[in-house]
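Number of protein chains: 2
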Amino acid sequence: MSKKPLILVTNDDGINAPGIRSLISVMNTIGDVVVVAPDSPQSGMGHAITLNSTLHAKDVHLDEGPQKEFSCSGTPADCVKLAIRELADRVPDICVSGINHGSNSSINVIYSGTMSAAIEAGIEGIPAIGFSLLDYGWDANFEASKPFVKVITEEVLRHGLPNGVVLNVNIPNISEDAIKGIKICRQAKANWVEEFDKRKTPQGKDYYWLTGKFVNLDGGEDTDEWALENGYISVVPAQFDLTAHHFIKDLNSWNL
Amino acid sequence: MSKKPLILVTNDDGINAPGIRSLISVMNTIGDVVVVAPDSPQSGMGHAITLNSTLHAKDVHLDEGPQKEFSCSGTPADCVKLAIRELADRVPDICVSGINHGSNSSINVIYSGTMSAAIEAGIEGIPAIGFSLLDYGWDANFEASKPFVKVITEEVLRHGLPNGVVLNVNIPNISEDAIKGIKICRQAKANWVEEFDKRKTPQGKDYYWLTGKFVNLDGGEDTDEWALENGYISVVPAQFDLTAHHFIKDLNSWNL
Numbered sequence: 000m001s002k003k004p005l006i007l008v009t010n011d012d013g014i015n016a017p018g019i020r021s022l023i024s025v026m027n028t029i030g031d032v033v034v035v036a037p038d039s040p041q042s043g044m045g046h047a048i049t050l051n052s053t054l055h056a057k058d059v060h061l062d063e064g065p066q067k068e069f070s071c072s073g074t075p076a077d078c079v080k081l082a083i084r085e086l087a088d089r090v091p092d093i094c095v096s097g098i099n100h101g102s103n104s105s106i107n108v109i110y111s112g113t114m115s116a117a118i119e120a121g122i123e124g125i126p127a128i129g130f131s132l133l134d135y136g137w138d139a140n141f142e143a144s145k146p147f148v149k150v151i152t153e154e155v156l157r158h159g160l161p162n163g164v165v166l167n168v169n170i171p172n173i174s175e176d177a178i179k180g181i182k183i184c185r186q187a188k189a190n191w192v193e194e195f196d197k198r199k200t201p202q203g204k205d206y207y208w209l210t211g212k213f214v215n216l217d218g219g220e221d222t223d224e225w226a227l228e229n230g231y232i233s234v235v236p237a238q239f240d241l242t243a244h245h246f247i248k249d250l251n252s253w254n255l
Numbered sequence: 000m001s002k003k004p005l006i007l008v009t010n011d012d013g014i015n016a017p018g019i020r021s022l023i024s025v026m027n028t029i030g031d032v033v034v035v036a037p038d039s040p041q042s043g044m045g046h047a048i049t050l051n052s053t054l055h056a057k058d059v060h061l062d063e064g065p066q067k068e069f070s071c072s073g074t075p076a077d078c079v080k081l082a083i084r085e086l087a088d089r090v091p092d093i094c095v096s097g098i099n100h101g102s103n104s105s106i107n108v109i110y111s112g113t114m115s116a117a118i119e120a121g122i123e124g125i126p127a128i129g130f131s132l133l134d135y136g137w138d139a140n141f142e143a144s145k146p147f148v149k150v151i152t153e154e155v156l157r158h159g160l161p162n163g164v165v166l167n168v169n170i171p172n173i174s175e176d177a178i179k180g181i182k183i184c185r186q187a188k189a190n191w192v193e194e195f196d197k198r199k200t201p202q203g204k205d206y207y208w209l210t211g212k213f214v215n216l217d218g219g220e221d222t223d224e225w226a227l228e229n230g231y232i233s234v235v236p237a238q239f240d241l242t243a244h245h246f247i248k249d250l251n252s253w254n255l
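Here the protein sequences come in this chain order: A and B.
40 is the number that numbering that gives the first Met the number 0 gives to position 41 of the first sequence; each next residue is one higher, with no gaps.
209 is the number that numbering that gives the first Met the number 0 gives to position 210 of the second sequence; each next residue is one higher, with no gaps.
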């Protein structure tokens with residue numbers, strides 16, 4: 000019986016994405032790897048799950064290496080559920096999601112399929128990490144990320160994570176030499192200012208494309224945005240107990 | 000110029016759902032109402048947004064009443080973005096989402112389209128509430144909910160909400176007389192234990208239906224689950240800064 004950790008790998012850009020192929024190659028140096036990832040891109044899916052439709056999983060093998068791979072018709076959260084309950088031979092010791100093509104820092108954690116997979120694993124009690132590179136391109140270069148991805152994963156395997164906490168790791172799009180190190184951060188209070196590009200169909204009906212500008216008004220030097228702008232990899236511990244405990248006392252003074 | 004508050008109403012069950020029709024009827028007694036809601040059910044969509052497809056919005060009017068209504072092709076989060084940027088005449092004073100057909104208590108907040116709409120409004124700085132009734136049926140009876148929905152909405156209009164906080168309100172499926180009151184709660188630490196119903200297509204290929212059992216091992220009497228089981232309406236203040244602040248110090252001691 001293998002004594003290596005079982006590592007569940009998933010993502011939201013789809014099983015073919017260069018980011019997940021890089022992540023698999025790093026994980027193969029650490030443990031036994033099972034990949035369960037969406038068969039098509041799922042970016043911006045948030046924490047969606049498939050309730051009213053069937054799920055399909057296909058045994059595939061997309062590149063060299065000892066990993067087992069399944070391509071799944073569902074969302075990232077579906078992939079994690081299906082992996083744990085049906086597809087993995089044993090309970091994974093860790094779940095890693097990504098490497099996402101594009102940032103999941105700050106408020107993006109809310110919209111992120113990458114992080115929803117990590118959170119789903121966390122709900123199941125499995126230590127989990129979402130990795131994202133600040134380059135949206137399909138041809139993004141993940142080489143500089145690899146040693147850091149390896150160190151962070153090994154540290155999580157060594158220490159574990161407390162119940163209810165997963166890690167959100169973002170990596171600046173600079174060379175390995177230029178990366179100054181890893182910084183533990185809080186989520187910056189930033190948001191998107193949407194603009195809708197309003198157009199007309201050939202039939203004259205209005206429709207919209209969602210576009211927007213990311214605006215960070217949080218000047219703190221302890222935030223993920225600050226770290227990334229200053230050449231650091233950001234690590235934010237993220238929780239899925241959303242209770243705003245600090246406001247419970249005030250609410251109790253209302254006339255409800 | 001109207002001095003009434005502008006109330007944005009949305010949901011995830013779709014603009015035709017009885018739950019949102021009940022919510023609209025209550026909101027018409029409080030302020031000016033603009034409805035922007037999905038044209039089809041979006042349950043389990045989490046905080047999905049439409050990034051790679053167009054959005055359509057149609058001016059409709061599905062029942063009597065002074066409200067303006069738009070049916071939208073997107074997710075609940077899309078509806079809120081589109082309402083604020085394009086469809087509402089002025090910035091809404093409050094956003095209410097629901098009344099959802101089914102619970103969004105405890106960990107369900109993570110998967111909930113109803114709450115993703117409220118959170119999206121919160122990100123935009125608009126006080127927001129998600130309402131859910133613990134009855135998944137399309138023919139659920141929302142009458143008992145109405146006076147409580149009204150009181151909670153009016154209290155939020157009176158007090159406002161702190162930046163970064165929205166309310167998650169769940170209502171037990173019992174008669175108005177049987178409801179004992181409103182309780183401010185924390186999110187219970189419960190989760191779904193999934194079971195996949197594995198079947199074969201007529202062609203002999205495996206596929207899955209997601210099913211599961213909700214398991215609450217959190218015995219606290221300050222939780223939403225406890226309140227609901229004991230005849231109270233639960234109000235959980237929810238935040239979208241996911242940072243697990245309590246774990247930052249420990250993480251800094253790791254070898255990263």
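Heads up, the beta-carbon is just placed ideally off N, CA and C, and yes, glycines get one too.
Residue nearest to PRO171 of chain B within the set B:LYS199, B:ALA87 and B:GLY101 is B:GLY101 (criterion: CA-CA distance).
Of the candidates A:ILE6, A:ALA36 and A:LEU227, A:LEU227 places its Cα closest to the Cα of LEU133 of chain A.
In this structure, B:THR49 is the residue among B:LEU166, B:ILE98, B:PRO65 and B:THR49 with its C-alpha nearest to the C-alpha of CYS78 of chain B. Using a Cβ-Cβ cut-off of 8 Å, VAL34 of chain A does not count as an interface residue toward chain B, since no Cβ of chain B sits closer than that to its own. Under the three-state reduction of DSSP output, GLU123 of chain A falls in the coil class, being neither helix nor strand.
Around the CB of LYS248 of chain A, fewer than 16 other CB atoms lie within 10 Å, so the residue is classed as exposed. Apart from sequence neighbours up to five positions away, the residues of its chain that approach GLU193 of chain A with a beta-carbon distance below 8 Å are LEU209, THR210 and GLY211, ordered along the chain. Shown here, ILE151 of chain B sits in a helix according to DSSP, grouped into three states.
Under the rule that a run must span 4 or more residues, the alpha helix (DSSP H) segments found entirely inside the segment 55–118 of chain B read 75–81 and 107–110. The beta carbon of VAL168 of chain A does not come within 8 Å of any beta carbon belonging to chain B, so the residue lies off that interface. No Cβ-Cβ contact shorter than 8 Å links ASP223 of chain A with SER131 of chain A. Just so you know, the alpha carbons of ALA36 of chain A and PHE69 of chain A end up roughly 7 Å apart. The Cβ neighbour count for GLN41 of chain A, taken over all protein chains shown within 10 Å, is at least 16; the residue is labelled buried. At a cut-off of 8 Å between beta-carbon atoms, ARG89 of chain A makes no contact with chain B. Contact note: PHE141 of chain B does not reach chain A at a C-beta cutoff of 7 Å; the least C-beta distance is about 19 Å. Between ARG198 of chain B and THR53 of chain A, the alpha-carbon positions lie close to 10 Å from each other. Nearest CB-CB separation between GLU175 of chain B and chain A: not below the 8 Å threshold. Counting only residues of its own chain and dropping the five nearest sequence neighbours on each side, PRO91 of chain A has a CB closer than 6 Å to the CB of LEU5, LEU7 and ILE125.
Its Cα nearest to that of ASN162 of chain B, the residue A:LYS188 stands out among A:ALA82, A:VAL32, A:GLY18 and A:LYS188.
A direct Cα-to-Cα measurement between PRO17 of chain B and CYS94 of chain B gives close to 18 Å. In this model, TYR110 of chain A and ASN169 of chain B are separated by some 23 Å (Cα to Cα).
Under the DSSP definition of a beta bridge, SER233 of chain B partners with B:ASN169 and B:LYS182. Secondary structure of ILE6 of chain A (DSSP, three-state): strand. A distance below 8 Å between beta-carbons, with the five flanking residues on each side excluded, links SER144 of chain B to the following residues of its chain, in chain order: SER21, ILE98, PHE130, LEU132 and ILE170.
Going by DSSP, LEU209 of chain B is part of the beta strand (DSSP E) stretching over 205–215. For LYS199 of chain A, the secondary structure class from DSSP, reduced to helix, strand or coil, is strand.
Between LEU86 of chain B and VAL33 of chain B, the gap from beta carbon to beta carbon is short of 8 Å. Exclusion of the five residues before and after VAL214 of chain A leaves ALA189, ASN190, TRP191 and VAL192 as the residues of its chain whose Cβ lies within less than 8 Å of its Cβ. Taking the CA atoms as reference points, ILE83 of chain A sits about 44 Å from ASP176 of chain B. TRP225 of chain A and GLY218 of chain A have their alpha carbons spaced roughly 8 Å apart.
In this structure, THR74 of chain A sits away from MET114 of chain A, with a CB-CB distance that is not shorter than 8 Å.
Between ILE19 of chain A and ASN27 of chain A, the C-beta spacing is not below 8 Å.
With 16 or more neighbouring CB atoms inside 10 Å of its own CB, LEU241 of chain A falls in the buried class. Excluding residues up to 5 positions away in sequence, PRO171, ILE178, LYS179, GLY180, ILE181 and LYS182 lie with their Cβ nearer than 8 Å to the Cβ of TYR231 of chain A in the same chain. Out of B:ILE14, B:SER24 and B:GLY30, the CA that lies nearest to the CA of GLU63 of chain B is found in B:SER24. From the beta-carbon of LYS197 of chain B, the residues of chain A found nearer than 9 Å are GLU85.
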